[in-house]
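Protein chains in written order, with full-length UniProt numbering: chain P, 1 to 187; chain X, 1 to 902.
Glycine included, C-beta positions come from ideal geometry on N, C-alpha and C.
Since this is a predicted model, take the numbers as computed values, not measurements.
What follows is a set of notes on a single structure, which appears directly below.
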């Protein structure tokens with residue numbers, strides 16, 4: 001107990017609890033995970049909100065992420081500058097969105113951002129190709145990939161403009177039976 | 001405190017709204033109504049007329065909820081003071097922000113002397129948080145009329161709502177923190193201004209209590225999440241083996257919880273009262289080991305078979321006495337025994353059905369899932385939980401295969417020759433499996449018959465005594481792998497394959513169980529037919545004992561020692577012992593299978609691989625996969641056994657609790673140490689309800705034999721709580737007759753009349769029919785609505801693509817203008833304006849909402865960033881996509897719409 005008060009002030013912890021889906025204990029655990037990634041970088045005292053970023057190379061080695069084909073996208077979406085380097089706040093944000101408690105809408109919003117590889121607020125055919133390639137490790141040939149992308153656009157594109165908007169995506173993901181159970185990282 | 005606020009608001013809301021509708025400026029009206037107002041406030045009221053304008057605007061946007069005007073007049077002074085006081089108090093409390101606050105407090109205190117100035121300060125504070133009120137309102141908003149107060153009140157609620165929903169906002173943490181701080185400061189600052197003037201201290205106290213309560217609740221929630229047992233273990237397994245294996249462990253945990261409740265019920269209401277207050281061991285024949293068994297009663301081999309002292313203990317039915325009441329509490333033990341037996345089933349049924357219902361509620365509509373095969377595969381097939389490279393490898397492989405499968409399906413490339421082959425193989429597989437099932441059923445029947453012959457013989461060996469259990473366990477051990485091998489012929493998708501496998505093993509176990517039960521029932525009938533002769537023998541023995549000649553008549557003869565009294569076979573205890581043995585042997589077989597089949601195999605593969613001529617890990621033996629279907633069904637049938645046996649062996653549940661506890665730890669260890677993830681990792685989508693369905697079926701099937709024995713077999717004459725009665729349920733009649741007033745007995749008799757029961761059943765059927773048809777029609781209208789929404793969305797989109805370009809241009813222009821915020825915020829709303837007049841109206845009003853205020857506190861965000869935020873998470877198809885989810889005004893306006901009814 002004594003430890004946690006030296007890392008965060010009481011108010012900080014309360015604020016984090018209001019802003020994330022975590023309990024105090026989980027926040028502390030996340031902090032230690034974060035701190036373990038780069039013990040020489042991350043200070044043991046966060047009461048003065050130091051501006052520390054852990055580089056993506058270290059974030060990507062977390063066991064929760066290292067096997068995820070979208071780990072780079074996740075880190076980019078949640079980092080401030082889109083470069084994948086994360087502050088503690090970003091880190092907490094990431095796992096809060098990925099937690100079990102986060103509502104479907106919030107998850108869908110961030111899932112959209114993750115699958116939107118070129119950050120143009122639409123999932124276009126190129127983004128879809130990237131997704132398929134990452135999901136299958138390039139085991140499908142080009143013909144199959146393009147067929148899959150075509151089918152996805154055919155199914156989910158409500159306005160037939162050749163790309164998925166956030167609404168299309170949400171509309172689709174709303175019906176996915178497994179989305180909530182799979183878009184979820186336990187920490 | 002919120003009740004209080006609401007109450008106030010409600011009181012006044014109607015009045016204000018009425019005024020707004022009549023169109024007259026609010027303040028004029030009010031001054032006429034209350035001429036007795038104090039002079040000092042005149043200064044405020046004059047500009048208050050001007051404040052009516054923003055007030056009206058407000059009314060359009062959300063719902064103004066001013067405090068009761070009349071009371072407010074009287075309270076205002078008190079409130080102002082309270083405000084200052086509160087400020088001071090909070091400043092003292094919060095050391096971190098102390099300085100800033102103190103400054104503000106000081107300024108407030110200075111300005112309090114002239115009321116007008118103070119209002120100005122308040123208004124400035126107000127403006128800080130609500131920049132949505134445009135320039136016109138700011139110019140004349142220098143007073144603190146009821147509208148402003150109402151607005152503050154409103155805002156405090158909004159901010160509170162914002163604080164509550166902060167965590168589900170798609171903002172970066174820095175922004176969330178800033179907004180949170182701002183909102184909290186605001187709430188803290190103005191909360192004091194809203195209390196009652198009179199009970200100021202009470203109000204402050206209540207506020208403190210509310211805060212403490214909130215903190216306590218949060219701490220309690222923290223505590224609760226910590227109390228969920230084995231959470232970390234299951235998480236670990238889930239990340240290594242995927243959700244399908246974890247679903248077994250979650251099921252096991254759930255089962256453990258249910259069994260704990262049953263254990264508490266039985267132990268608390270039956271066993272403990274009997275041990276504490278019942279007659280002690282050795283006092284009567286049913287509580288004493290018979291003379292013939294006495295010398296071997298303490299041997300371990302005897303105890304291990306639940307004979308000897310264990311048989312004559314409170315763990316079994318036969319130990320209980322048929323005294324109506326026991327102890328100084330006059331506890332009605334037979335009655336309690338019966339009711340607990342019934343409520344074990346009642347509780348289990350309830351909890352299973354409830355969890356099934358909650359599972360189905362969670363799942364979304366299933367009808368449309370077919371439309372999105374590829375999309376779902378693309379966006380939801382990766383399980384983000386996977387944290388193990390082996391699992392990830394299999395997942396990649398399975399996703400690739402599933403994509404390929406879908407592509408093949410899509411292209412409809414016909415594999416005619418394969419279809420016939422598959423069909424043939426499937427028929428063949430089913431034929432083989434049916435053969436296996438019949439064979440195992442016959443084997444069990446044969447063995448049980450043989451064991452009845454054994455039981456008549458003397459000097460039987462250990463094997464002969466335990467043959468039934470051994471054969472059943474062996475069948476349970478070897479048949480599922482056999483089925484799995486046969487099922488490989490069929491080439492189903494693993495999830496469908498799992499269901500088939502579950503169904504087949506279920507049939508096997510069920511067949512075995514029911515054969516066993518039938519044989520047991522034969523045995524029971526046999527014992528029952530012998531009972532009459534034993535009863536006579538007992539009577540005669542006692543009669544001869546007391547009337548024997550050659551005894552000194554003057555001294556009364558000491559009673560016969562209970563161990564010497566001849567007694568019946570007590571079929572209930574025999575049944576209980578059978579179930580007890582089955583449970584224990586089942587548990588041991590499971591553990592030994594895990595040890596031999598998984599652990600030793602893993603050790604062998606791991607260590608012999610260095611010196612073997614082929615690759616053991618990749619080749620033939622390899623490591624075992626976790627057998628989900630077998631384990632789930634083992635658990636379910638074990639539970640069925642517990643349900644059946646618990647009536648005749650109250651101690652069975654205790655043993656089961658131990659079993660579940662050990663198997664949780666043991667299996668967690670085994671799965672992590674010696675199993676490998678499945679070759680084709682698959683999700684456990686909704687099979688949890690499938691487990692529950694099987695469990696329900698087993699529960700029902702295990703209810704049948706128990707109900708049959710209770711209703712139609714006479715209980716043993718010399719053992720158990722119901723001895724001496726014709727049927728077990730007579731205990732209820734007895735209680736009604738003896739312990740309840742006579743008119744209640746009459747009522748019960750009347751209720752038991754078939755003339756009443758049959759109409760009641762009919763009525764229930766009618767109700768089911770009615771509800772069923774209602775739900776059908778509802779789902780039909782649901783589908784229609786969905787179609788409509790789809791159509792609307794299409795129209796909307798086509799409009800949007802046209803409109804979107806125009807608005808984009810607009811935004812660029814307006815971003816440079818003075819009134820950036822409000823215009824920009826209207827952007828997303830403009831899109832939907834063409835929908836309908838009413839909708840556009842409400843949306844327009846929303847544009848004035850605090851969405852603006854929240855963003856206006858900071859630098860104006862660029863349009864590209866702004867748009868997705870304002871319409872992202874709450875946007876649902878058909879509900880007008882421009883509706884921010886956590887729009888603080890929305891719920892407020894919803895409330896205000898209801899309020900006039902009060």
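- Spell out whether any CB of chain P is found under 8 Å from the CB atom of residue 784 of chain X. Counted from its first residue, the second chain places residue 784 of chain X at position 784. With 8 Å as the cut-off, residue 784 of chain X does not count as an interface residue toward chain P.
- May I ask you to check if the CB of residue 783 of chain X is nearer than 7 Å to at least one heavy atom of the ligand PLP? Annotation note on the ligand PLP: not contained in the displayed structure, which lists no ligands.
- Query: So is residue 110 of chain P buried or exposed if we call it buried at 16+ other beta carbons inside 10 Å?
  - Reply: Along the first chain, one-based indexing puts residue 110 of chain P at 110. Label assigned to residue 110 of chain P: buried.
- Message: Once the 5 residues before and after residue 37 of chain P are set aside, which same chain residues still bring their CB inside 6 Å of it?
- Response: Locating residue 37 of chain P in the first chain gives position 37, where the first residue counts as 1. Only 54 and 58 meet the Cβ criterion.
- Query: How is the alpha helix (DSSP H) around residue 91 of chain P delimited, first residue to last?
  - Reply: What you label residue 91 of chain P is simply residue 91 of the first chain in a count that begins at 1. Looking at the DSSP string, the run of the alpha helix (DSSP H) that includes residue 91 of chain P is 88-97.
- Mind reading off the beta-carbon distance from residue 653 of chain X to residue 263 of chain X? Whole number of angstroms is fine, and I expect it under 8 Å. In the second chain, the residue the question calls residue 653 of chain X occupies position 653. In the second chain, the residue the question calls residue 263 of chain X occupies position 263. Right, the Cβ-Cβ distance comes to about 5 Å (below 8 Å), so this counts as a contact.
- Using the beta-carbon of each residue, which ones in chain P are nearer than 7 Å to residue 398 of chain X? Reading the second chain from its first residue, position 398 is the one you call residue 398 of chain X. Contacts between residue 398 of chain X and chain P, judged by CB atoms closer than 7 Å, are missing: the closest CB pair is about 10 Å apart.
- Note down, one range per segment and in chain order, each alpha helix (DSSP H) of at least 4 residues found wholly within the region 195-259 of chain X. With a minimum length of 4 residues, the continuous alpha helix (DSSP H) runs that stay inside the region 195-259 of chain X are 200-227 and 231-241.
- Closer than 8 Å, CB to CB, is residue 136 of chain P near chain X or not? Within the first chain, numbered from 1, the residue matching residue 136 of chain P stands at position 136. Chain X contact via Cβ: present.
- Query: From residue 597 of chain X to residue 677 of chain X, what does the alpha carbon distance come to, in whole angstroms?
  - Reply: What you label residue 597 of chain X is simply residue 597 of the second chain in a count that begins at 1. What you label residue 677 of chain X is simply residue 677 of the second chain in a count that begins at 1. Cα to Cα, the separation comes out at about 16 Å.
- Message: Taking beta-carbon pairs under 8 Å, can you tell me which members of the region 170-186 of chain P lie near chain X?
- Response: 170, 171, 172, 173, 174, 175, 176, 177, 178, 179, 181, 182, 183, 184, 185 and 186
- Query: If we call anything under 8 Å between Cβ atoms a contact, is residue 524 of chain X one with residue 571 of chain X?
  - Reply: Translated into positions along the second chain, residue 524 of chain X becomes position 524. Translated into positions along the second chain, residue 571 of chain X becomes position 571. By the CB criterion at 8 Å, residue 524 of chain X and residue 571 of chain X fall inside the cutoff.
- Please say whether residue 637 of chain X and residue 478 of chain X have beta carbons closer to each other than 8 Å? What you label residue 478 of chain X is simply residue 478 of the second chain in a count that begins at 1. What you label residue 637 of chain X is simply residue 637 of the second chain in a count that begins at 1. No, the pair does not count as a contact, with Cβ atoms beyond the cut-off.
- Mind pulling the chain P residues with CB within less than 8 Å of residue 666 of chain X? Looking up residue 666 of chain X in the second chain gives position 666. Chain P residues near residue 666 of chain X: none, gap ~23 Å exceeds 8 Å.
- Distance CB(residue 180 of chain X)-CB(residue 149 of chain P) smaller than 8 Å: If you number the second chain from 1, residue 180 of chain X lands on position 180. If you number the first chain from 1, residue 149 of chain P lands on position 149. For residue 180 of chain X and residue 149 of chain P, no; Cβs fall outside 8 Å.
- Item | Proximal residues to residue 909 of chain X (C-beta, below 8 Å), its chain only, five neighbours per side dropped | The first residue shown for chain X is 1 and the last is 902, placing residue 909 of chain X beyond what the model contains.
- In the structure shown, what three-state DSSP assignment does residue 625 of chain X receive? The residue labelled residue 625 of chain X in the question sits at position 625 within the second chain. Correct three-state label for residue 625 of chain X: strand.
- Task: Check whether the Cβ atoms of residue 176 of chain P and residue 153 of chain P sit closer than 8 Å, and answer yes or no.
- Result: Translated into the one-based positions of the first chain, residue 176 of chain P becomes position 176. Translated into the one-based positions of the first chain, residue 153 of chain P becomes position 153. Not closer than 8 Å, so no.
- Task: Check the Cβ of residue 90 of chain P against every Cβ in chain B and list those closer than 8 Å, keeping chain order.
- Result: Considering every chain present, this structure includes no chain B. Its protein chains are P and X.
- Task: Determine the chain P residues that contact residue 226 of chain X at a beta-carbon separation under 9 Å, and present them in chain order.
- Result: Position 226 of the second chain, counting from 1, holds the residue named residue 226 of chain X. Those are 23 and 25, listed as they occur along chain P.
- Message: Measuring only the C-alpha atoms, how far is residue 609 of chain X from residue 391 of chain X?
- Response: Translated into the one-based positions of the second chain, residue 609 of chain X becomes position 609. Translated into the one-based positions of the second chain, residue 391 of chain X becomes position 391. Rounded to the nearest angstrom, the two C-alpha atoms are 22 Å apart.
- Please go through the same chain and pick out, in chain order, the residues whose beta-carbon is closer than 8 Å to the beta-carbon of residue 260 of chain X, but skip the five residues on each side of it. Taking the second chain and counting its residues from 1, one reaches residue 260 of chain X at position 260. Answer for residue 260 of chain X: 657, listed in chain order.
- Query: Just the Cα atoms here: how many angstroms apart are residue 620 of chain X and residue 165 of chain X?
  - Reply: Position 620 of the second chain holds residue 620 of chain X. Position 165 of the second chain holds residue 165 of chain X. Roughly 55 Å between the two C-alpha positions.
- Query: Is the Cβ of residue 230 of chain X closer than 8 Å to any Cβ of chain P?
  - Reply: As a working mapping, residue 230 of chain X is identified with position 230 in the second chain. No, residue 230 of chain X does not count as interfacial toward chain P.
- Message: With distance defined between alpha-carbon atoms, name the residue in X/712, X/467 and X/182 nearest to residue 727 of chain X.
- Response: Against the second chain, residue 727 of chain X aligns to sequence position 727. The residue with the shortest Cα to Cα distance from residue 727 of chain X is X/712.
- Item | Reference residue 257 of chain X, options X/355, X/442, X/287 and X/593, closest by Cα | Here residue 257 of chain X refers to the residue found at position 257 when the second chain is read from its first residue. The residue with the shortest Cα to Cα distance from residue 257 of chain X is X/355.
- Message: Measuring straight from C-alpha to C-alpha, what distance separates residue 8 of chain X and residue 208 of chain X?
- Response: As a first step, residue 8 of chain X must be located in the second chain, where it is residue number 8. As a first step, residue 208 of chain X must be located in the second chain, where it is residue number 208. Residue placement at residue 8 of chain X is poorly supported in this model, since its pLDDT is 41, which falls under 50; the coordinates are not used for a value here.
- How many angstroms separate the CA atom of residue 315 of chain X from the CA atom of residue 627 of chain X? Counting from one through the second chain, the residue named residue 315 of chain X turns up at place 315. Counting from one through the second chain, the residue named residue 627 of chain X turns up at place 627. C-alpha separation (whole angstroms): 33 Å.
- Message: Taking 8 Å as the threshold (C-beta atoms), are residue 285 of chain X and residue 721 of chain X in contact?
- Response: Position 721 of the second chain, counted from the first residue, corresponds to residue 721 of chain X. Position 285 of the second chain, counted from the first residue, corresponds to residue 285 of chain X. No, Cβ-Cβ distance for residue 721 of chain X and residue 285 of chain X is not below 8 Å.
- Can you grab the Cα-Cα spacing for the pair residue 512 of chain X / residue 692 of chain X, in whole Å? Stepping through the second chain from its first residue, residue 512 of chain X is reached at position 512. Stepping through the second chain from its first residue, residue 692 of chain X is reached at position 692. Cα-Cα distance, rounded: 21 Å.
- Task: Could you list the residues in the region 53-65 of chain P with a C-beta less than 9 Å from some C-beta on chain X, going in chain order?
- Result: From the region 53-65 of chain P, only 62, 63, 64 and 65 have a Cβ closer than 9 Å to chain X.
- Item | Rounded straight-line distance, which links the Cα of residue 673 of chain X to that of residue 471 of chain X | The residue you call residue 471 of chain X lines up with position 471 of the second chain. The residue you call residue 673 of chain X lines up with position 673 of the second chain. Residue 471 of chain X and residue 673 of chain X: Cα-Cα distance of roughly 29 Å.
- Check each residue of the region 121-132 of chain P: if its Cβ is closer than 8 Å to any Cβ of chain X, include it; give the result in chain order. Cβ proximity to chain X below 8 Å picks out 121, 128, 131 and 132 from the region 121-132 of chain P.
- Message: Assuming residue 433 of chain X and residue 483 of chain X are in contact, meaning their beta carbons sit under 8 Å apart, how far apart are those beta carbons, in whole angstroms?
- Response: By one-based count along the second chain, residue 433 of chain X stands at place 433. By one-based count along the second chain, residue 483 of chain X stands at place 483. Taking 8 Å as the upper bound for CB-CB distance, residue 433 of chain X and residue 483 of chain X are in contact here, some 6 Å apart.
- Query: What are the boundary residues of the alpha helix (DSSP H) that residue 480 of chain X is part of?
  - Reply: Here residue 480 of chain X corresponds to residue number 480 of the second chain, with the count starting at 1. Here the alpha helix (DSSP H) through residue 480 of chain X covers 467-487.
- Message: Measuring straight from C-alpha to C-alpha, what distance separates residue 63 of chain P and residue 383 of chain X?
- Response: Here the question's residue 63 of chain P lines up with position 63 in the first chain. Here the question's residue 383 of chain X lines up with position 383 in the second chain. Looking at the two C-alpha atoms, the distance is approximately 14 Å.
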